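Worksheet: one structure, shown below.
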Amino acid sequence: MKKIITMAYLSAAVLGATMTFTSCGSNNDEPKGEVVETGTKVNPLRVFTGGMPVSFGDATILKNIKGQVSTIQSNHEIVTFEYKDMSTHASEAQPQVVMTIKNGEVTRVCNLYLGKDGFVKHCDETKIVDGSVTRKETWDFTYNNDGQLLTMLRGRRNKKTTIKYQDGNIVETTTTKAGYSNSYKIFYTSESTLSPIVNKGCLMLFDYTLGIDMDEMQYAYYAGLLG
Numbered sequence: 000m001k002k003i004i005t006m007a008y009l010s011a012a013v014l015g016a017t018m019t020f021t022s023c024g025s026n027n028d029e030p031k032g033e034v035v036e037t038g039t040k041v042n043p044l045r046v047f048t049g050g051m052p053v054s055f056g057d058a059t060i061l062k063n064i065k066g067q068v069s070t071i072q073s074n075h076e077i078v079t080f081e082y083k084d085m086s087t088h089a090s091e092a093q094p095q096v097v098m099t100i101k102n103g104e105v106t107r108v109c110n111l112y113l114g115k116d117g118f119v120k121h122c123d124e125t126k127i128v129d130g131s132v133t134r135k136e137t138w139d140f141t142y143n144n145d146g147q148l149l150t151m152l153r154g155r156r157n158k159k160t161t162i163k164y165q166d167g168n169i170v171e172t173t174t175t176k177a178g179y180s181n182s183y184k185i186f187y188t189s190e191s192t193l194s195p196i197v198n199k200g201c202l203m204l205f206d207y208t209l210g211i212d213m214d215e216m217q218y219a220y221y222a223g224l225l226g
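The numbering of the sequence shown is numbering that gives the first Met the number 0, which starts it at 0 and goes up by one.
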């Protein structure tokens, strides 16, 4: 079954003044304002070129002294990031970043393996309930030459999302899994919105406006780890 949904962005009030309809994460975007030390290669200002967000929804974003996201805390979850020092990292088989998500008795440990631009290329996720491992999951990501997220593959469900760009902007997303395909087409103007709204904050609401179900990987995005 194939389902196509057409989406148009009509209201700046709903999305907020910091929202943008231009995809971010280009290698040509130079970080501004803050300097992240070498080692992990993680610099969220490559993605959030207008400055780091301090919150989203009911979640608050905290940073370490290097300007990297250290904690994301909401009313129901707390997410922490541990960055490995690549200058002393013994093996590429080990994760460069460990993201831990805690929600009551449930803990998800996400071992993140980074590519050359400091973006996640693979994730091994382990779900732990009351101290016992209940599920394991894998995620794989690819990017285009501008460092923008191109595909996301969720291994356990064999669920793949592909993002199509035009002039640097997302124009279509397609998610497929066994016997199912779901597509969203994105437009930036309409009869009431004649000019695209400039996205000064370089924020992308993947779940809410682009039809991409990222689940726990949304936290990696807000840490500047998904291009």
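Virtual Cβ for every residue (Gly too), placed ideally from N, Cα, C. Quick caveat: nothing in here was measured; it's all calculated off a predicted structure.
Applying the criterion that 16 or more other CB atoms from any shown protein chain within 10 Å of the CB defines a buried residue, is residue i buried or exposed?
i, result
"GLU190", "exposed"
"GLU104", "exposed"
"ILE64", "exposed"
"ALA219", "buried"
"THR48", "buried"
"LEU44", "buried"
"VAL197", "exposed"
"LEU193", "exposed"
Using CA atoms only, rank isn't needed, just tell me which of the options is closest to residue i.
i, options, result
"SER131", "ASP57, ARG107, MET216 and GLN95", "ARG107"
"ASP57", "ILE77, GLU104 and THR173", "ILE77"
"GLY178", "LYS159, PRO195, ILE60 and GLY50", "LYS159"
"THR70", "PHE47, THR48, GLY49 and LYS101", "LYS101"
"ASN144", "PHE80, LYS83, VAL197 and GLY167", "GLY167"
"LYS135", "ARG156, LYS184, MET51 and ALA92", "ARG156"
"LEU149", "ASP129, THR133, THR173 and LYS40", "THR173"
"ALA92", "GLY226, THR79 and LEU113", "LEU113"
"TYR164", "TYR187, THR125, THR133 and LEU61", "TYR187"
"GLY226", "LYS115, LEU193, GLU124 and GLY66", "LYS115"
"VAL46", "PRO94, VAL170, GLN147 and ILE169", "GLN147"
May I ask you to report which of helix, strand or coil DSSP gives residue i?
i, result
"PHE205", "helix"
"MET151", "strand"
"TYR218", "helix"
"LEU224", "coil"
"LEU193", "coil"
"ARG45", "helix"
"ASN181", "strand"
"THR188", "coil"
"VAL307", "Residue coverage of the chain in this structure runs from 0 to 226, which leaves residue 307 outside it and unanswerable."
"ASN110", "strand"
"ASP139", "strand"
"ILE77", "strand"
Quick check: what's the CA-CA separation for residue i versus residue j?
i, j, result
"ASN42", "HIS75", "27 Å"
"ALA222", "ARG153", "20 Å"
"ILE185", "ILE211", "12 Å"
"PHE205", "ASP129", "31 Å"
"PRO52", "LEU224", "14 Å"
"ASP84", "THR99", "18 Å"
"TYR258", "ASN110", "Residue numbering for the chain in the displayed model covers 0 to 226; residue 258 lies beyond these limits and cannot be assessed."
"MET216", "GLU124", "10 Å"
"GLU171", "THR161", "8 Å"
"PRO195", "SER182", "22 Å"
"THR79", "PHE55", "16 Å"
*Would you be able to state if there are at least three C-beta pairs under 8 Å between the segment 132-145 and the segment 115-123?*
Segments in contact, yes.
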